[in-house]
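Below is one structure; the comments refer to it alone.
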Amino acid sequence: FFSSSHEGYKSEPPNIMASCFPARIKDAVVVALLCISLRMTKTDAALQIGPLLSTCVDSCQRGCIEIRSVQASRKNKALAVELKDKDNPRSALTEADGAAQRAIIGSLRSVWGKNLRIVGEEDDDEESTAAMEGMTFEPPRKDIFDDDIGETAEIDMSDVTIFVDPLDGTREFVEGRLENCQVLVGIAIGGEAVAGAIGIPFPAGDDSTEPTIVYGLADVGTGVMGAPLTRGPYPLDRNIDGVKYPRPHIATGDSTADVMIACKESAIKATGGSNVIYGGAGNKILAAALGEVAGSMSIKFGGPWDLCAPHAIITAMGGRITDLFGDEISLYEPDSITKYRRNERGFVATPRRSDIDHDALVAALNRAPSVQKYKDSIN
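Each residue of the sequence shown is one higher than the one before, starting from 24 at the first, in the working numbering.
Following this line, the structure appears as structure tokens:
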């Protein structure tokens, strides 16, 4: 296991194949949950965090299996791709997105019913949603953490939202950059990212190893199931020239928007480091959480499904994440996207121990006139 004191893997990590919350943090789980006890009531629609997280981990693994199945089929047929926005190549949607979402949401519904609020990135795909209604799913496991967490305070189901990104990094999947792809299943309680699972379908960048699932509970700790987590630092030591790209490394996407270019230039000037490219919001945040990079940032992302799970996990690892302007991420209420455009406030993420001070990095970014102009345009 690795706990909230995790400092980032720099060599071979432990291989954890099953439940791995250490017994010594059981009491910490109870304390953390009691911090939001005002939102908890004992009703027929109540649930506990251990069984809920267990089902999310199991469902996340099923999503990874669906994505790997689609990837395997590409050897015999072309991948079907459509654009949700015909003018935006970043809006790619594939059969893997739909298959993974059906597997995740269908399995969660099979155990929690329709009263549990689940928000998936591909909810607008009416064909996929209709297909799921006619399918039968084996209920996911609720007992993965029985020995580690046990009985805790009950949570009113109406306070819970599960955010699902069935394939974070769809464009990367289409382009064959498989190491960037992730499955994200996050748990928000009372509008806060509390727990989640990050599935890595292709830990080695291909199908030579089984998926890895990283899971965590904010302010408590994190763990791994499946194949060993061999990242950290990856892919930097293998693919980045340390002389040409001096540390500290700042991970971003490959956006050429003026405000993103200004952010990159400001970060490099302030830190003396260099910019490295990572695909996928979850992948960037996990890279920061693991200490692969000194920080990661993005000016916008798709929605709460992109951030909920990695937000909870980087917090559980002792790292920090804010929006681009240094404010706390406030994204997990049902109307936060359409009403407040909070996904356009981006994020800045840093590990527990970093060569970069989080607040100093945010301040450097916000000294750029184009960043201030961007901020004014979305407020």
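Quick reminder that beta carbons are idealized off the backbone N, C-alpha and C, glycines included.
CA-to-CA distance, residue j to residue i, given in whole angstroms
i    : j    : result
K267 : S181 : 52 Å
F160 : A176 : 28 Å
A123 : D382 : 37 Å
L102 : E118 : 8 Å
V371 : P333 : 12 Å
S92  : T279 : 33 Å
V80  : P392 : 43 Å
K137 : A311 : 35 Å
L131 : S77  : 10 Å
P226 : R254 : 8 Å
I337 : S96  : 34 Å
P45  : A216 : Confidence is the limiting factor: at P45 the pLDDT is only 46, short of 50, which leaves the residue's position unreliable and the question unanswerable from this model.
S289 : I223 : 31 Å
V282 : L330 : 21 Å
L252 : K396 : 40 Å
G239 : G369 : 22 Å
D146 : G314 : 33 Å
I210 : E150 : 26 Å
A69  : L139 : 10 Å
Helix, strand or coil at residue i [DSSP, three-state]
i    : result
F196 : helix
M180 : helix
N203 : helix
G129 : helix
G228 : coil
M248 : strand
E315 : coil
I185 : strand
S297 : strand
S321 : strand
A335 : helix
T253 : coil
T275 : strand
L384 : helix
E89  : helix
Own chain partners of residue i with C-beta closer than 8 Å, once the 5 adjacent residues on each side are dropped
i    : result
I127 : S82, C83, R85, G86, G143, V187, P189, V206, V208
S400 : none
CB-CB length for residue i against residue j, believed under 8 Å
i    : j    : result
A274 : K307 : 5 Å
M158 : G129 : 6 Å
Proximal residues to residue i (C-beta, below 6 Å), its chain only, five neighbours per side dropped
i    : result
Q271 : Sequence inspection shows Pro at residue 271; the Gln mentioned does not correspond to that position. Counting only Cβ-Cβ distances below 6 Å, and skipping sequence neighbours, we find T294, G296, A317, D378, I379.
G73  : F168, I172
P162 : S133, V134
N99  : none
Other residues of its chain near residue i: CB distance less than 7 Å, five sequence neighbours each side excluded
i    : result
N203 : G192, E195, Y301, G302, G303, N306
query: Do the segment 227–235 and the segment 372–386 touch if we need at least three Cβ pairs shorter than 8 Å?
result: These segments do not touch.
- prompt: Between the segment 195–208 and the segment 340–348, are three or more C-beta pairs nearer than 8 Å?
  reply: Segments in contact, no.
- request: Kindly confirm or deny that the segment 344–355 and the segment 297–307 touch, where touching means at least three C-beta pairs closer than 8 Å.
  value: no
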